[in-house]
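Under my numbering, the first residue of the sequence shown carries the number 737, and numbering increases by one thereafter.
The beta carbon of each residue, even a glycine, is placed where N, CA and C say it ideally should be.
Nothing here was measured: the structure is a model prediction, and the numbers come from that model.
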Amino acid sequence: MEIKNNTRLYGMLGFAMRAGRVIIGTEIVCSSMSRRGKDSPKLVLVSFTASAGTKKKVLTKSEFYHIDCIVIDIDSGELGRLLGKTYAPTVIAITDERFADEIKRAIGSDNQGGDQ
Numbered sequence: 737m738e739i740k741n742n743t744r745l746y747g748m749l750g751f752a753m754r755a756g757r758v759i760i761g762t763e764i765v766c767s768s769m770s771r772r773g774k775d776s777p778k779l780v781l782v783s784f785t786a787s788a789g790t791k792k793k794v795l796t797k798s799e800f801y802h803i804d805c806i807v808i809d810i811d812s813g814e815l816g817r818l819l820g821k822t823y824a825p826t827v828i829a830i831t832d833e834r835f836a837d838e839i840k841r842a843i844g845s846d847n848q849g850g851d852q
């Protein structure tokens, strides 16, 4: 999905990371989706560079658990850099509702269904 406001998105991702509200990695994100409560994902972001299998796995699981999931127009290298990581994650989850809402607004998505 094309991003409406890059600066806002980048800032919100940085704030969420510093606040400890980001889960990084496909397997960890997928396993955390079944949890309920404060540390459960409110929004899942998938890099457009993720493999078709990864996208399918994450989108299917997020739809099952009714968690918004958006494939974003940021490659995994840039996503890692934005989060201050030296590796390139393809899947991240935001565990705070307010951060998730602001990120969706910056992306330009009002998606409430489970996938994008």
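| Query | Result |
| --- | --- |
| Same chain, Cβ closer than 8 angstroms to residue 757, five either side skipped, listed in chain order | 830, 831, 832, 835 |
| Nearest neighbour of residue 771, chosen from 781, 784, 761, 803 [CA to CA] | 803 |
| Start-to-end residues for the beta strand (DSSP E) that takes in residue 806 | 804 to 808 |
| Length of the line joining the Cα atoms of residue 790 and residue 766 | 10 angstroms |
| Residue 768: first and last residue of the uninterrupted alpha helix (DSSP H) it sits in | 762 to 768 |
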